[in-house]
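What follows is one structure encoded as structure tokens, with my remarks underneath.
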Ligand SMILES: Nc1ncnc2c1ncn2[C@@H]1O[C@H](COP(=O)(O)OP(=O)(O)OP(=O)(O)O)[C@@H](O)[C@H]1O
Ligand SMILES: [Mg+2]
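Residue numbers (my numbering): 333 to 566.
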């Protein structure tokens, strides 16, 4: 196990955004989290990376080696910063010379399929897919073991989604990553997942092998989610 989450809770007033969630993440897996809008997926992700503080519960394991890529690279990449300053942020707690930083930045840009000479450009000068590659590059520069992708391809057209998914698969092998992939796109989830976790009203109601969840969902709610996505007969 690379991460153990136990009895995690986060309430916003009367909203039980994450409500007593317990699960583990296996080293090297693709764990997909699905569930309707407002079910607590992003809140759970933000608790895992420490962007939010839990009311109760524990996160044990490689919690200091988690990075996150958000849905909308326009809002996660500061428009006033160059690619260089965006990427350099990843080094803020590492003691690395500026030459070594430059080398690492160029290597990571190459790994995500971008040219190394874009360091002086600003986020608005790129396409959505390119911006998401920059966000992935920034996350990888921090040497994570776990990458949380929260709707990270949802704002992209379908061909670019496929390119980014293929890129993620390559990067996973190259950098030995574990993915937590949050998505409403069950077609992508079906192809991408080793395991699937289902969230509903702050609770994780089901977790299992992707194939099993698709073939034999244990919960009626999961059946309904799948049938809504694929027009299955329930
Ligand atoms: N900072 C906040 N303050 C108050 N309520 C919040 C806050 N963040 C989230 N919530 C509420 O917590 C619940 C869970 O939200 P969350 O963003 O985790 O859902 P989600 O599953 O990621 O939804 P989506 O699929 O639409 O992204 C929602 O009811 C939301 O309104
Ligand atoms: Mg969300």
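Beta carbons are placed, not taken as given, at the ideal position from N, Cα and C, and that holds for glycine.
Source: prediction; values computed, not measured.
Report all residues from its chain with a CB closer than 6 Å to the CB of residue 520; omit the five preceding and five following residues, and keep chain order. none
Please output, in chain order, the residues near ligand 2 using a CB cut-off of less than 7 Å to any non-hydrogen atom of the ligand. 373, 374, 482, 483 and 514
Contacts around residue 349, its chain only, beta-carbon distance under 6 Å, and the 5 residues preceding and following it disregarded: 342, 372, 375 and 534
Stretch-stretch touch, CB-based, cutoff 8 Å, three pairs: the region 547 to 557 with the region 404 to 414: Because the criterion of three Cβ pairs below 8 Å is not met, the region 547 to 557 and the region 404 to 414 do not touch.
Shortest alpha-carbon distance to residue 351 belongs to which of 383, 427 and 387? 387
Distance, Cα to Cα, residue 561 vs residue 554? Cα atoms of residue 561 and residue 554: separation of roughly 11 Å, rounded to the nearest angstrom.
Given residue 565, which residues of its chain have a CB within under 8 Å of its CB, disregarding the five upstream and five downstream residues? Low per-residue confidence applies at residue 565: pLDDT is 46, beneath 50, and the placement is therefore not dependable enough to give any value.
Within 10 angstroms of the Cβ of residue 346, are there 16 or more other Cβ atoms? Answer buried if so, exposed if not. With fewer than 16 other CB atoms across the displayed protein chains lying within 10 angstroms of its CB, residue 346 is exposed.
Status (buried if at least 16 other CB within 10 Å, exposed otherwise) for residue 354: exposed
Decide if residue 491 is buried, meaning its Cβ has at least 16 other Cβ atoms within 10 Å, or exposed. exposed
Under the rule that 16 or more other beta-carbon atoms within 10 Å means buried, what is residue 455, buried or exposed? buried
Would you say residue 457 and residue 402 are within 9 Å of each other, going by their C-beta atoms? no
Just to check, is the beta-carbon of residue 402 closer than 8 Å to a non-hydrogen atom of ligand 1? Relative to the non-hydrogen atoms of ligand 1, the Cβ of residue 402 never comes closer than 8 Å to any of them.
Beta carbon of residue 480, beta carbon of residue 400: below 9 Å? yes
Ranges of the beta strand (DSSP E) found wholly within the region 468 to 550, counting only runs of at least 3: 478 to 482, 510 to 514, 527 to 532 and 535 to 541
Delimiting residues of the beta strand (DSSP E) encompassing residue 357: 347 to 357
Alpha carbon to alpha carbon, how far is residue 499 from residue 445? Looking at the two C-alpha atoms, the distance is approximately 8 Å.
Is it the case that the CB of residue 347 approaches a heavy atom of ligand 1 more closely than 8 Å? yes
Run the proximity test for residue 368: is its beta-carbon closer than 8 Å to any non-hydrogen atom belonging to ligand 1? Short note on residue 368: C-beta closer than 8 Å to some heavy atom of ligand 1.
Measure the beta-carbon distance from residue 515 to residue 486 and round it to whole angstroms, keeping in mind my assumption that it falls under 8 Å. Rounded to the nearest angstrom, the Cβ distance from residue 515 to residue 486 is 7 Å, consistent with a contact under 8 Å.
Can you find a heavy atom of ligand 1 that lies under 8 Å from the Cβ of residue 355? no
Bounding residues of the beta strand (DSSP E) (the contiguous stretch that carries residue 340): 335 to 344 is the extent of the beta strand (DSSP E) around residue 340.
Taking the alpha carbon of residue 531 as the reference point, which residue from 333, 369 and 359 has its own alpha carbon closest? Among 333, 369 and 359, the Cα nearest to that of residue 531 is on 369.
Is residue 424 buried or exposed, if buried means 16 or more other CB atoms sit within 10 Å of its CB? By the neighbour-count rule (16 or more Cβ atoms within 10 Å), residue 424 is not buried but exposed.
Beta bridge counterpart(s) of residue 437 as assigned by DSSP: Looking at the DSSP assignment, residue 437 forms no beta bridge with any residue, so it has no partner.
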